[in-house]
Amino acid sequence: MKKRLTSASPLTWSLYAILLLSFLGSVYFIQHNHGFYGQAIATVTEVSVEETQELSDLYGNEDMLYTQRITGEIRNGEHEGRAIELENEYSLSGANDHEYRTGQDLFVFIDETAGDGANLSGTIDNVKRDQYVLAITWIFILVLLAIGKKQGFYSIVSLALNAVILSYALDIYIRTENANLLMIASVSVLLFTVTSLLLVNGFNEKTYAAIVSTMLGVFAALLLASFAIWTSGGNGLNYEEMQFLSRPYEAVFMAGLFIGSLGAVMDVGITMSASIFTLYEKNPDISIEAMKTSGIDIGKDIMGTMANILFFVYISGSIPMLLLYLSNGATWPFSFSITLSLEIARALAGGLGIVLTIPIGIFTSIFFIKRKRAAQ
Amino acid sequence: MNVLFILAVMLCMAMVMIGGKKGAISFLSLFINFLVLLGTVYMMNDPANDPILWVIIACVIISCVNLFFINGINSTTIAAFLSTVITMVALLLFILFMSDLTMINGFGEEEVDELSLLSLYIGISFAELAAVVIISTIGAITDISISITSPMREVYLHNPGMSRRELVQAGFAIGRDLLGTSTNTLFFAFFGSYLGLLIWFKDLSYSLGDIVNSKIFAAEMLTILCAGIGIALVIPVASWITAFLLTRKK
C-alpha cells in the first residue's frame, strides 16, 4: 500500500482529486436541489396511523390497509417553509403503495382551494428518489475502483459510454418517422462491440478477430430467433407485458434480444480469440487441428455458465409479476406465458448466440492467424 | 409449434453438437435451474413463507447446481461455493437496505395501469420481494468465483512456497481481468430487457427529473449497479477464502 502511494503519478493524484471533488459536489447538490424542481416537494415531519383495516379479496388473499396522516414542510416554490397536511393509504404487501417515514422528501400537488388557512393541504405524487440513485451510483463507482483499479475504471467508462450510445440511438429511433429499430440496433451493436472490445483489449488482431466473431454470433442468434418465430407463427410468445408501448413491440422485442445477448456473446468471442492467439503465440508452428481441438475444449467449459448468466438476468425480474398473477387466481401456464415467455425466448436465443460463437470464434481466429502466417 | 419449444430444441442440439457430454450437462443444468426458480416462486406464493429466506435457499441450491453438479465436489468448488454464499448474503443485505430507502417495492405507476384488473393486495410483502434482484447476479457470481478459485489453486500447486498475501494478490489479478467482460455481459443483458421501458420514457419525453425519481428507473438502476457491485465484491471474497483454505492445509 505504502509503495503504491509513493509511486502514484501526479496524473493518478489529480484523478483522485477530481473524483473526490465530483463526489462532494454531487452529494451537496442533490441534498439542496429542491429549487430546481418545478413541482412542490415536502419533507415529512410527522406521521401517524389513523385507521387500520383488514382486507380480503375474492381469491382469499389477506392484507392490511393503513391510513397515514402526514405533516410535511414545503421545501421549494412560493409556499416554501409552510406546513402541509397529507393523507396516505398503504398496505402490508405494498405492491403499489408506501409507508412514509419522517425525513423523507415527497413530490406533492398542493390543493390551493382546500386547507384551513394555517396549513396547506394536498396529495402525494411520488417519492424523491434522486439522492438514493446518486448514492448507489457512487457506491458502485467506488467499489469498482477500489477492487478493480484500472479494470474497474474501464468497466465504468464502458458502461457510461454504452449507455450514451444506446440513449443516442433511441433518440434517433424516436425522432425518425418509420425508422427501422432493427437497423438502428444493428449499427449500435457494432458500435458497442468496437468500443467495448477496443477499450478492454486495445488495437490488435486478437481484438479484430473478437469483433468479427461477436458480430457474426449475435446475428446468428437473431437469425435463429427469427427463424423460430417464423416457423411457429409467433405461437407461444405473449407480448402482454409490452402492451404499454405505442410502438411495434415485436421489433422492440427483437432489438432487445439482439442487444441483450451482445455482452455474453462478446465475452465468448474475446475468450475464444484470446485463448487461440495465446496458443499460436506460444507455439507459432501449431497445427490448425490442434487449435480447433483446444478451442472446442475451452468453449465446452464456458458455454454452460454463460448461458446460465443470461438466463438468471432475464428471469429474475419477472418473479414479482408472476406472483401477482398467480395470487389473482390465474393458472400457472397462463401466468407463465404472460410474464415469462419473452424472457425465456431471450435467454434461449442468447444461449444459442453463445454456443454458436464458439465455432465462429475458432474459425475467425484461425482465419486471422492464417493470414498472419501467409504474410510472414 | 411453440417458439420457446423450437428455441429450446435448437439450443439443446447446438450444445450437444459442440459440447458433447459436457454440452448435455450444461443444458440439463439450465433446465434444473429453471425448475429451482419455479419451485421458489411456488413457495413464495404462500404468504406464510418468508420471500427473503426462499431467495437465499434458491441461491444456495443454484450455486450447488452450478458448482458441484457441473464441476464435481472438490476443494476448488467448495471454496467457490463459500465465496458465492458470503458475497450473496452481503449483497442481499445491501440490496434490501437500499431498496427500502429508495422505496422501489412493487410496481411502478407505469406498470400498474396495465394491472387494473388484478387485485394488488395479495398479502405477499413486495418490499421483501426486492430480494429477487440478487437472483439476477447469481449466475455471474458463481462463474467468477470458480474462475478465481480454480486458477489460484493451480498457481499454488506450481509455487507451493507462496505466502498467503501473494496468493491473495494473484487472486485479485485474476479477478480484475474478468471484471470488464463480466460486467459487460450483465449490463447488455439488462439494456436488452429494459429496452422497451427506455423507448417508452423517451416517447413520453420524460424530463431528467421525472426519470431519475420514477420508481421503475430507480429499480432498474439499483438492479444494474448492484449486479456490478456483486461482481466486484466476489473478487476479494474469493481471493481471501481460497488463499486461507490453501495455506491452512500446510
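Protein chains in written order, with my numbering: chain Y, -13 to 362; chain B, 73 to 322. Beta carbons are placed, not taken as given, at the ideal position from N, Cα and C, and that holds for glycine. Quick caveat, the model's predicted, so the values are computed rather than measured.
### Query
Nearest-angstrom Cα distance between Tyr194/Y and Ala361/Y?
Translated into positions along the first sequence, residue 194/Y becomes position 208. Translated into positions along the first sequence, residue 361/Y becomes position 375. Approximately 17 Å, taken between the alpha carbons.
### Message
Tell me the residue span of the beta strand (DSSP E) that contains Met234/B.
### Response
Against the second sequence, residue 234/B aligns to sequence position 162. First-last for Met234/B: undefined, no H or E at that position.
#### Entry: From Leu76/B, Ala162/B, Tyr278/B, Met115/B, residue whose alpha carbon lies closest to that of Leu312/Y
Counting from one through the first sequence, the residue named residue 312/Y turns up at place 326. It is Met115/B whose Cα lies nearest to the Cα of Leu312/Y.
### Task
Starting from the C-beta of Ser174/Y, find all residues in its chain whose C-beta is less than 8 Å away, skip the five residues before and the five after it, and write them out in chain order.
The residue you call residue 174/Y lines up with position 188 of the first sequence. Taken in chain order, the residues that qualify are Ile151, Leu152, Ala155, Ile245.
### Range of the contiguous beta strand (DSSP E) that encloses Arg332/Y
Here residue 332/Y is taken as the residue at index 346 of the first sequence, counted from 1. Careful: Arg332/Y lies outside any beta strand (DSSP E), inside the alpha helix (DSSP H) at 318 to 361.
### Query
What whole-angstrom Cβ distance do Ile352/Y and Ile288/Y have, given they're in contact under 8 Å?
Within the first sequence, the letter at position 366 stands for residue 352/Y. Within the first sequence, the letter at position 302 stands for residue 288/Y. No, Ile352/Y and Ile288/Y are not in contact; Cβ-Cβ is about 18 Å, not under 8 Å.
### Message
Run through the DSSP bridge pairs and tell me what Asp91/Y is partnered with.
### Response
Sequence index remark: in the first sequence, residue 91/Y carries index 105 (1-based). Answer by DSSP bridge pairing, in chain order: Thr29/Y.
### Task
Just the C-alpha distance for Met(-13)/Y and Thr253/B, rounded to the nearest angstrom, thanks.
The residue you call residue -13/Y lines up with position 1 of the first sequence. The residue you call residue 253/B lines up with position 181 of the second sequence. Because the pLDDT at Met(-13)/Y is just 40, under 50, the model does not fix this residue reliably, and the value given afterwards should be weighed accordingly. Spanning the two alpha carbons is a distance of roughly 27 Å.
### Query
Are Met82/B and Val119/Y close, meaning C-beta to C-beta below 8 Å?
For the purposes of this step, residue 82/B is taken as residue 10 along the second sequence, with counting starting at 1. For the purposes of this step, residue 119/Y is taken as residue 133 along the first sequence, with counting starting at 1. Cβ distance not < 8 Å, so Met82/B and Val119/Y don't count as in contact.
### Message
Need the endpoints of the beta strand (DSSP E) that Asp111/Y sits in, please.
### Response
Looking up residue 111/Y in the first sequence gives position 125. Looking at the DSSP string, the run of the beta strand (DSSP E) that includes Asp111/Y is 106 to 113.
### Message
Less than 8 Å between CB atoms is the rule here; does Ser101/B satisfy it with respect to chain Y?
### Response
The residue given as residue 101/B occupies position 29 in the second sequence. By this cut-off, Ser101/B is an interface position.
### Message
Ala310/B and Gly264/B - do their beta-carbons sit closer together than 8 Å?
### Response
Against the second sequence, residue 264/B aligns to sequence position 192. Against the second sequence, residue 310/B aligns to sequence position 238. In this structure, Gly264/B lies away from Ala310/B, with their beta-carbon atoms at least 8 Å apart.
### Task
Find the residues of chain Y that neighbour Pro308/B, judging by a C-beta separation of less than 7 Å, and give them in chain order.
For the purposes of this step, residue 308/B is identified with residue 236 of the second sequence, where counting begins at 1. Neighbours of Pro308/B on chain Y, chain order: Ile133.
### Query
Of all Cβ atoms in chain B, is any one closer than 8 Å to the Cβ of Val35/Y?
Within the first sequence, numbered from 1, the residue matching residue 35/Y stands at position 49. Chain B contact via Cβ: absent.
### Task
Report the rounded CA-to-CA distance for Val161/B versus Ile129/B, giving the unit in angstroms.
Against the second sequence, residue 161/B aligns to sequence position 89. Against the second sequence, residue 129/B aligns to sequence position 57. Those two C-alpha atoms are separated by around 11 Å.
### Task
State yes or no: is the beta carbon of Arg55/Y nearer than 8 Å to at least one beta carbon in chain B?
Along the first sequence, read from residue 1 onward, the residue named residue 55/Y stands at position 69. For Arg55/Y, the answer is no, since every Cβ of chain B falls outside 8 Å of its Cβ.
### Task
Could you tell me whether any Cβ in chain B is nearer than 8 Å to the Cβ of Asn47/Y?
Counting from one through the first sequence, the residue named residue 47/Y turns up at place 61. So yes, Asn47/Y belongs to the interface.
### Task
Provide the residue span of the alpha helix (DSSP H) that contains Met89/B, from first to last.
Looking up residue 89/B in the second sequence gives position 17. That run of the alpha helix (DSSP H) goes 75 to 116.
### Task
Below 8 Å on the Cβ atoms is my guess for Leu102/B versus Phe297/Y; work out the distance and round it to an integer in Å.
For this step, residue 102/B is matched to residue 30 along the second sequence. For this step, residue 297/Y is matched to residue 311 along the first sequence. Contact flag correct, Cβ pair sits at about 6 Å.
### Message
Short of 8 Å Cβ to Cβ, which residues in the stretch 291 to 311 of chain Y face chain B?
### Response
When C-beta distances to chain B are compared with 8 Å, the residues of the stretch 291 to 311 of chain Y below that value are Thr291, Met292, Ala293, Asn294, Ile295, Leu296, Phe297, Phe298, Val299, Tyr300, Ile301, Ser302, Gly303, Ile305, Pro306, Met307, Leu308, Leu309, Leu310, Tyr311, in chain order.
#### Entry: Under 7 Å from the C-beta of Ala199/B: neighbouring residues of chain Y
As a working mapping, residue 199/B is identified with position 127 in the second sequence. Neighbours of Ala199/B on chain Y, chain order: Gly80.
### Query
What do you get for Gly188/Y, buried or exposed, if any count of 16 or more other CB atoms within 10 angstroms of its CB means buried?
In the first sequence, residue 188/Y corresponds to position 202, counting from 1. By the 10 Å Cβ count, Gly188/Y comes out exposed.
### Query
Going along the chain, which unbroken runs of the alpha helix (DSSP H) with 4 or more residues stay wholly within the stretch 223 to 309 of chain Y?
235 to 268, 274 to 302
### Message
Counting only Cβ pairs nearer than 9 Å, list the residues of chain C close to Glu182/B.
### Response
Reference to chain C is not applicable here, since the protein chains of this structure are Y and B.
### Message
Within 8 Å, do at least three Cβ pairs link the stretch 51 to 66 of chain Y to the stretch 152 to 160 of chain B?
### Response
no
#### Entry: Contact list for the stretch 207 to 233 of chain Y against chain B, Cβ threshold 9 Å
Leu210, Ala211, Phe213, Ala214, Ile215, Thr217, Ser218, Gly219, Gly220, Asn221, Gly222, Leu223, Glu226, Glu227, Met228, Gln229, Phe230, Leu231, Ser232, Arg233
### Task
Give every residue of the same chain whose Cβ lies closer than 7 Å to the Cβ of Gly255/Y, excluding the five residues on either side of it in the sequence, and list them in chain order.
Counting from one through the first sequence, the residue named residue 255/Y turns up at place 269. Around Gly255/Y: Ala196, Ser199, Thr200, Gly203, Thr343, Gly347.
#### Entry: Local Cβ density within 10 Å of Lys358/Y, reported as buried at 16 or more and exposed below that
Here residue 358/Y refers to the residue found at position 372 of the first sequence. Exposed, because fewer than 16 other Cβ atoms sit within 10 Å of the Cβ of Lys358/Y.
### Message
Can you list, in chain order, the residues of its chain with a C-beta nearer than 6 Å to that of Lys287/B? Leave out the 5 residues immediately preceding and following it.
### Response
Taking the first residue of the second sequence as position 1, residue 287/B is located at position 215. These residues qualify, in order along the chain: Ile176, Gly180.
### Separation of Ile324/Y from Tyr159/Y, as counted between CA atoms
The residue given as residue 159/Y occupies position 173 in the first sequence. The residue given as residue 324/Y occupies position 338 in the first sequence. Each residue's alpha carbon lies about 27 Å from the other.
### Query
Can you name the start and end residues of the alpha helix (DSSP H) that Ile151/Y belongs to?
The sequence position of residue 151/Y within the first sequence is 165, counting from 1. Start and end: 116 to 161.
### Cβ separation of Ile194/B and Asn47/Y, assumed to be a contact under 8 Å, to the nearest whole Å
For the purposes of this step, residue 194/B is identified with residue 122 of the second sequence, where counting begins at 1. For the purposes of this step, residue 47/Y is identified with residue 61 of the first sequence, where counting begins at 1. Right, their Cβ atoms sit about 4 Å apart.
### Task
Rounded to whole angstroms, what's the CA-CA distance from Glu329/Y to Met234/B? Just pull it up for me.
Here residue 329/Y is taken as the residue at index 343 of the first sequence, counted from 1. Here residue 234/B is taken as the residue at index 162 of the second sequence, counted from 1. Approximately 46 Å, taken between the alpha carbons.
#### Entry: Straight-line gap, Gly63/Y to Trp216/Y (C-alpha atoms, nearest Å)
Position 77 of the first sequence, counting from 1, holds the residue named residue 63/Y. Position 230 of the first sequence, counting from 1, holds the residue named residue 216/Y. Gly63/Y and Trp216/Y: Cα-Cα distance of roughly 56 Å.
### Query
What did DSSP end up calling Ser79/Y once you bin it into helix, strand or coil?
Counting from 1 along the first sequence, the entry for residue 79/Y is found at position 93. Coil.
#### Entry: Cα-Cα separation between Glu200/B and Leu168/B, rounded to whole angstroms
For this step, residue 200/B is matched to residue 128 along the second sequence. For this step, residue 168/B is matched to residue 96 along the second sequence. Roughly 7 Å between the two C-alpha positions.
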